[in-house]
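The structure appears right after this line, and notes come after that.
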Amino acid sequence: MCVHHVDARGHSGGIWILKQIGSNIVSVVHEVFMDTITIKLSLGNSYWFLTGIYASPTYTSRLELWNHLIDLKKNINKPWLLMGDFNEIVHPSEQKGGNFSHSRAATLLNVMDKCNLVDIGMTGGSFTWNRPCTGNRMVYRRLDRALADVSWRMAFSDAYVEVLCKFHSDHNPLILRCGIPLHNDGPRPFRFEAAWITHPNYSDIVQTAWGKSPDNFISCLHNVQQDSLRFNTEIFGNIRKRKNQIERRLKGIQQTLERIDSARLIYIQRELQQEYDTILGQEEIHWYQKARDDWIKLGDRNTKFFHTKTIIRRKRNKIHGLHLPNGIWCNDDTILRQEAQTYFKNFFCSQTPLASGELNGLPLAPILNEEAYQSLSSQVTRDEVTQALNQMHPFKAPGPDGFQGIFFKQYWHIVGDDVVRIISTAFDTGSFHPSISETLIALIPKVDCPNNFKELRPISLCNTVYKLITKIMVNRLRPHLNQIVGPFQSSFLPGKGTTDNAIILQEAIHSMRKSKRKKGDMVFKIDLEKAYDNVNWEFLEFCLQRNGFPPTIIKLIMFCVSSSSMSIMWNGRRLPNFTPTKGLRQGDPLSPYLFVLCMECLSQVIIKAVNDGLWKPVRLSRNGPPLSHLFFADDVLLFAKATKSQALNVATTLTHFASFSGLKVNATKSKVFFSSSTKRGKMTSIVTSTGISRTHSLEKYLGFPMMHGRLQRKDYEFLEEKISHRLASWQHNLLNKAGRMTLVKSVLNSIPNYYMQVAWLPQSTCETIDRMARNFLWKGNSSTGVHLVSWDKITRPKKLGGLGIRKSREANTALLGKLVWSIHQNCDSLWVQVLKHKYINNGSFITMTKKPGSVTWNAIMKALLALRDGFEFRLGNGNSSFWFSNWSGTGKLADKVLYVDIHDLEMSVKDVYTDGNWNFNMLYTNIPTAVTDHLKMIPVCLNSQVADCYTWKGNLNGIYSARDGYFWLNRNEFAGNDTDSISWTWLWNISAPEKLKFFLWTALHNSLPTREMLCHRNMLQANHCPRCNQEIETTLHCLRDCDFAIRLWHSIGFTDQSFYRENDLYNWLRIGIQGKSVFMFLAAVWWLWRARNLLCLANELVSLITLRMWTENYAHLLFRCFFKQATVPDTKWVRWNAHRGS
């Protein structure tokens, strides 16, 4: 039946709202605007709003609709969903072909931000519209979508949108499924609840349970599981239920106190408030544990934020439908679960036997020295186990036993001896109880909308004790890896990283594009099919033996790898176990290092082929190092001359390696890139013989875009999109400004920093990143909100009155400075040698003039130009040329004289400076008196043991760091800081919530939105206090000098007249937080401001009695949470939110 409709206008427009006959859902039209209908859907007492969208193809008409939706949100206070054809995309990834318009996307993003909307996401397809364009090329876009506010997303946590097959339209139909209950097939694994720790009796529960089965670690863990579940049912209870019970009791007491005065009820109220605060803390820990957000700190009641993050993460990882191996689309959970079990069991359990003699003829490999051998096989100590435990994140996803690192850290005094004993036994015997190595397999989508099982990444969730065993092996092996791993691998090795290979590949692409050699070059970008999951165990054992590992350690490693049983986690349910026969587990700390050892075997094969003349490597410069291959884990680059014979050698080598390692090449995902001088016939022949397709651009490598030519903003649109997703406006609305500050710093210190290491980002990209950061901090990317403090002040260090957020351009330059320093230090890294031979040769890098080159080299040169003044020449042995080096810091002396006499050309500094004095008389060259006088003033202290060199003068040790580089780039701004005269360190050391520190920071910048400040910014006409309406509302007047504020201060004990004499806000706040009543002072300042805002924004007048009660309760809470005892408490605690808590 039809609920409502808007008629079409010819062949465009029109929308119908239909409802199934007999449905018990009541639908009422709320309003109609253009081709958009909003209806109210009710079932019983619950209701929500649905807006059906058909946005106009005309941009100006869409703007009218967007503005209407913003106005409509003001009248909707219940869950709200918008669904339909928006005729707009918001990110570059939502299209394939065509051009992306930032300005048009910004208008829809603005609606999403102002209305607090999140994208529901889709399954069944990435695009919803397509049409052929010029040249019969298809353009795909995601024009249709479903958006919901946070309250709707929380109410329908299992809802998802499915893209259906299209027939007669150029749009795909969408169907919204509000939540299909999953079949309860399969148990939910046990999960330790960190909130249990807060209960005073839980430690005794663990102590008792652990003592039931002495010397039996597995039984002890099982006992703790059972007793914890019983404790949760009988004592701890449901957090939400207990919270609601106390809320009802508090409400009843408060209503009674409004009628009568009762000291007994006031006492009970305070006890209930304390219990309520404890429950709130437990609730917050519960959802923080599930949200798994590393950047935010516990405290300040972020429960709603953590809860929302958990729901969104679960929604992203939940699988609603996939294409089965036979190509049929399926959304039946029962069938999908069975197919998943079959697919992954067949995959992990299929094993091609290793042919006899396959490993014969492999080149000899380097072996571990005696020190490494003894280190690996030595007895495990308690300190070693404790160190490995402290390196673990306390809230990482647990394995089948359900115990995260937080449990072992918190109750180490109970479980520690047994954990050390079982690990020590494992290293002595090479084995342990098989249940310790049991593994859950979490299926993580590789893409936003996975369509088949291949687009799900199987990540292993291992038990904590198992990870302790492998973590100890990693800690022992890692310092010695360079003995057995060559320079062509850079993954997981000390001193190497992702940038090494990316820089070399960027240089190779640049040289190959510029090459005019008759004999072309080629580079293969090889994709190894399911690399970790296909490693042959026999081959792995062979690699360990050939590298000289101790027999006991080989036995232990192979037991770790082969003894595990796996169980797929499908939408939260555990499927039956199966035993794999191959592969390394992604999620095991040891797996990356074992894979490196396997790949080193391929590296040795290629090196032998090069030495035998069978493999012709590529040189990027005349005398540069030869490049034959580069590995970063399973990312493989192969370089060779562009001939058919070389291509066949490459293919033969890879095929032979796959026959004994199990690591096969995925030809469909692999690419080959040719130099510009390679003839077309050769390229065709090579592509045909190898089966690997040609590419004109390698696009991305290790996440870095491989660019050529001048960088543009569109090259880094993906970076802006990533940051935009992380700084989504719904998070802004669930976080206070201190939380937003933490999130901004976390995002800016991770996502853009990765790309800033090797590229000079376009200025427009840096400005966009800065704009997104400051908008999120103050107003959540919408047009509302006030930037209270200037960006220049925010980006100062905290000790200078800022928030420590870094400007993108300066941060980019400082990070590139690390490459500058590595080249200057002449380190033996392969990428440094490639750049030196290609661009520098025998010249001085620090003083060289700008020389054009690749994208990366141009970025390095720009950074060098910006940082050059920060390097100074320091004399050591004095071997530098007296005339032609800038040892004096004022330029070359040869430029300050008319000529240098031929007899003086070879003079060094130590030749002229002897016995602590300058011997200018020995020179044949005439030096002006002014120059010699200046040289005599320079302190010189020669040291024959140290070479002359450039050092970084930004710190005392002379070694460059990105932090020092950032300070150097901003030295003038920081030196000219108008807050230098005062200290800011004390503010951030206050024992108080971060939101209070942020509030005081804003006040100290005189930037609280008082009427004086708003009037100064021409945002308000009247500047008088809204309470007394007599004085100008300054910050100090609002917080202390208003009559209402004075009465509050007197009522809570601040009666000393000296408290009111200080007229400087900085001094008054500093004195207030140093007194014995620091928590009462902070609580009063906070609630005076809150009460003032209630009056100004909500026209709600708070009585003095109520404000006093709020202040005293908050002060009591601060005291309980932040008061530091003089004595060390008996209870052992752990920092829950730190990566290295102990």
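Everything in the sequence shown is counted per full-length UniProt numbering, starting at 1 for the first residue and increasing by one. Note that beta-carbon positions come from the ideal geometry of N, C-alpha and C, so glycine has one too.
Of the listed residues the options, nearest to residue i (C-alpha basis)
| i | options | result |
| --- | --- | --- |
| S460 | G497, I441, T684 and M473 | I441 |
| S603 | S591, G624, P576 and L637 | L637 |
| G870 | N858, L147, I846 and K850 | I846 |
| T688 | K671, K700 and S676 | K671 |
| M83 | L875, D119 and K114 | D119 |
| P79 | M154, C598, Y960 and P400 | M154 |
| V465 | I860, L389 and V447 | L389 |
| C349 | K19, M861 and T579 | T579 |
| N369 | T381, H433 and L477 | L477 |
| N577 | G889, R177 and A340 | A340 |
| G739 | W1086, V90, P993 and A1084 | P993 |
Assigned secondary structure, residue i (DSSP; H/G/I helix, E/B strand, else coil)
| i | result |
| --- | --- |
| E1062 | coil |
| H1024 | strand |
| L556 | helix |
| G299 | Bear in mind that a pLDDT of 42 at G299, under 50, signals an unreliable position, so the model cannot answer this. |
| D1056 | coil |
| W918 | strand |
| N1113 | helix |
| W887 | coil |
| E31 | strand |
| Y593 | helix |
| Q489 | strand |
| F1081 | helix |
| V6 | strand |
| F100 | coil |
| V940 | coil |
Buried versus exposed, by CB contacts within 10 Å (16 or more), residue i
| i | result |
| --- | --- |
| I902 | exposed |
| K838 | buried |
| D428 | exposed |
| C165 | exposed |
| E371 | exposed |
| V161 | buried |
| S1142 | Summary for S1142: the model assigns pLDDT 34, below 50, so the residue's position carries little reliability; its value from the coordinates is reported in the next sentence. The residue is exposed, with fewer than 16 neighbouring Cβ atoms inside 10 Å. |
| S782 | Because S782 sits at a pLDDT of 47, beneath the cut-off of 50, its placement in the model cannot be relied upon, and the following sentence gives the value as read from the coordinates. So S782 ends up on the buried side. |
| W986 | exposed |
| F306 | Interpretation of F306 is limited by its pLDDT of 49, a score under 50 that renders its predicted location unreliable; the figure taken from the coordinates is listed afterwards. Burial call: buried. |
| R188 | exposed |
| D521 | buried |
| Q20 | exposed |
Extent of the continuous beta strand (DSSP E) run through residue i
| i | result |
| --- | --- |
| N130 | W129 to P132 |
| F49 | S46 to Y54 |
| G84 | W80 to D85 |
| R177 | L174 to R177 |
| R458 | The sequence given here has Pro at residue 458, not Arg. Looking at the DSSP string, the run of the beta strand (DSSP E) that includes P458 is L456 to C462. |
| A640 | D635 to K641 |
| R141 | M138 to R141 |
| A365 | Here A365 belongs to no beta strand (DSSP E), and DSSP marks it neither H nor E. |
| R874 | F871 to R874 |
| M524 | The sequence given here places Phe at residue 524; Met does not occur at that position. D521 to D527 is the span of the beta strand (DSSP E), which, as asked, contains F524. |
| W16 | I15 to L18 |
Alpha helix (DSSP H) segment containing residue i, residue limits
| i | result |
| --- | --- |
| I982 | Element bounds for I982: n/a, residue is neither H nor E. |
| T1002 | E994 to L1004 |
| H413 | W412 to T429 |
| L648 | K644 to S661 |
So does the segment 1035-1053 actually touch the segment 822-836, counting three or more Cβ pairs closer than 8 Å?
-> Below 8 Å, too few C-beta pairs join the segment 1035-1053 and the segment 822-836 to call them touching: fewer than three.
Cβ pair count under 8 Å reaching 3, the segment 597-611 against the segment 626-636 = Touching, yes, given that three or more Cβ pairs across the two stretches are closer than 8 Å.
Indicate whether the contact test is met: 3 or more Cβ pairs, each with one atom in the segment 939-952 and one in the segment 919-931, closer than 8 Å.
-> Three or more Cβ pairs closer than 8 Å define a contact, and the segment 939-952 falls short of that threshold against the segment 919-931.
Are there three or more Cβ pairs, one per stretch, closer than 8 Å when the segment 506-518 is compared with the segment 761-768?
-> Flag = no, the segment 506-518 and the segment 761-768 do not touch.
Please determine if the segment 866-884 and the segment 645-663 are in contact, where contact requires at least 3 C-beta pairs separated by less than 8 Å.
-> Note that the segment 866-884 does not touch the segment 645-663; fewer than 3 beta-carbon pairs, one per stretch, sit closer than 8 Å.
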